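In order, the protein sequences belong to chains A and B. Start counting the first sequence at 3; every next residue gets the next number (this note's numbering). Start counting the second sequence at 3; every next residue gets the next number (this note's numbering). The block underneath contains the structure these notes are about, expressed in structure tokens.
Protein chains: 2
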Amino acid sequence: MHQFIHLHHHGAGPHSMGHGRGRRGRHGGPRAWGGPPGHRARRGDVRAALLVLLAEEPRNGYQLMQAIEERSDGAWRPSPGSVYPTLQQLEDEGLVTAVEHGGRRVFELTDAGRDDVAERPEDAPAPWDAFTSDVGQGARELMKLVRDIAAAAAQVVRAGDEQQVQQAREVLADAHRSLYRILAGDQPSDDDTHA
Amino acid sequence: MHQFIHLHHHGAGPHSMGHGRGRRGRHGGPRAWGGPPGHRARRGDVRAALLVLLAEEPRNGYQLMQAIEERSDGAWRPSPGSVYPTLQQLEDEGLVTAVEHGGRRVFELTDAGRDDVAERPEDAPAPWDAFTSDVGQGARELMKLVRDIAAAAAQVVRAGDEQQVQQAREVLADAHRSLYRILAGDQPSDDDTHA
DNA sequence: AGATACATCACGATATATCGCTAGCGGTGG
DNA sequence: CCACCGCTAGCGATATATCGTGATGTATCT
């Protein structure tokens, strides 16, 4: 019996996070960096993140995704569905150029791209900060515990006998119930409000 | 706070599973299906699975991976690293041909491929049966509980306050400890043997 | 028998690309 | 102010491809 559970971590965008960018148009030349303060980030600001990172050094698409994930402490990993089209768009706009190295595509800023990044305000938060600043340490540790439990359960499956698997099932069923009791604790307080 | 944990299920091969294929050579024409009974399957038998599925209908690579996963009840999803090279190999051997449909590559058996599959013994187990037959119901349910817990934890993160996150952490930390106590139960019995 | 050497192949990671869908923004009108 | 609409862009799924590693099988040697 050899099965493994592997967790993948997805971050949805900063729905309620208040670091702002204005609208990104697709018309004409490089966009302006300025925007009214207080506007929301539009999900992940993939474009800004790519430009900032490429200003540091040339990278391929996969490396860019990884770098954003690291910088956001795992809270945000932009999807290929956003990264590659954005890279293509930046290339079309002349801000980025793709160079083939050993069958792989490395992206680097053009002069126009560097000018664009140079216009970025010095004190602008990094595009991934919209994520990391609001990721609570508690939530992070909770998700780590989920991953630890998954690994432990996989180990029980690999190394344990039927009785141990059964015991593990009871432990996890109990934990599952407890989690929903915690969640249920949300709602009686609503009921109390009405009572 | 919007983070999601998503579980991906990986099946390693049937290390101890006793359905047999003989050696697969890379020389010359189509391989024979017969083999000495009792030989082990070599991890997942990707080659056989692909041939059997393509005998049913033409499919692309991704669909083949999905079909194997379904047929094995989720216990085995062969990786792209095995599927695409094997398809290429089968193509080189003239058993399979790739046809482009709308920018996508659909694979279908050639006449030689159909002859090859026709030589397959009628009573041979499906290549994915090596996985499903030995996947215990208990282990399956255990892994489902892990997924349920991950979903519940994500919900706590989304909808709960700091206190609830803390409570959930305690629940999961306790469950984690319990799982390792179950695993530890493996070893004292070994110590008892020596005592 | 066990140990060693070697070859093969699938896993998991790396890497690229596009599609379908809809979240979320900006603009407009009431 | 709010409601609605149109549009863009990112998510998640679909889809393809290859690399590095090591598990596994076979052959040979002791």
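We treat Cβ as the ideally placed atom computed from N, Cα and C, and that holds for glycine. Quick caveat: nothing in here was measured; it's all calculated off a predicted structure.
Residue i - DSSP class collapsed to helix/strand/coil
i               : result
T88 of chain B  : helix
E102 of chain A : strand
E110 of chain B : strand
R149 of chain A : helix
R73 of chain B  : helix
H122 of chain A : Residue 122 of chain A is actually Arg in this sequence, not His. Three-state result, R122 of chain A: coil.
R79 of chain B  : coil
R183 of chain B : helix
G40 of chain A  : Below a pLDDT of 50, predicted positions are generally treated as unreliable, and G40 of chain A, at 32, falls in that range; the measurement from the model is reported next regardless. DSSP places G40 of chain A in coil when its eight states are reduced to three.
R45 of chain B  : coil
A177 of chain B : helix
Under 8 Å from the C-beta of residue i: neighbouring residues of chain A
i              : result
Q68 of chain B : Result: empty, since nearest Cβ-Cβ is about 17 Å, beyond 8 Å.
E72 of chain B : Those within 8 Å of E72 of chain B in chain A number zero; the least Cβ separation is about 16 Å.
Nearest-angstrom beta carbon gap, residue j and residue i [assumed within contact, 8 Å]
i               : j               : result
H178 of chain B : A132 of chain A : Going by Cβ atoms, the distance from H178 of chain B to A132 of chain A rounds to 31 Å, so no, they are not a contact pair.
L55 of chain B  : A69 of chain B  : 5 Å
H144 of chain A : L147 of chain B : One detail in the question is off: residue 144 of chain A reads as Leu in this sequence, not His. In fact, because the Cβ distance is near 17 Å, the residues do not count as touching under 8 Å.
R171 of chain B : A128 of chain B : Not a contact, Cβ separation roughly 44 Å.
F109 of chain A : R61 of chain A  : 6 Å
L111 of chain B : T88 of chain B  : The pair is not a contact, with the Cβ atoms about 14 Å apart (cut-off 8 Å).
G140 of chain B : R107 of chain B : Not a contact, Cβ separation roughly 40 Å.
V98 of chain A  : G115 of chain A : 6 Å
Chain A residues whose Cβ lies nearer than 7 Å to that of residue i
i               : result
V148 of chain B : I7, I151, A152, A155 and L174
The segment 161-176 of chain B / the segment 89-97 of chain B touching (three or more Cβ pairs under 8 Å): no
With a threshold of 8 Å, are at least 3 pairs of Cβ atoms found where one atom belongs to the segment 150-163 of chain A and the other to the segment 101-118 of chain A? no
Within 7 Å of chain B by C-beta, residues of the segment 159-193 of chain A in sequence order: V159, A161, G162, E164, Q166, V167, Q168, Q169, A170, R171, V173, L174, A175, A177, H178, S180, L181, Y182, I184, L185, G187 and D188
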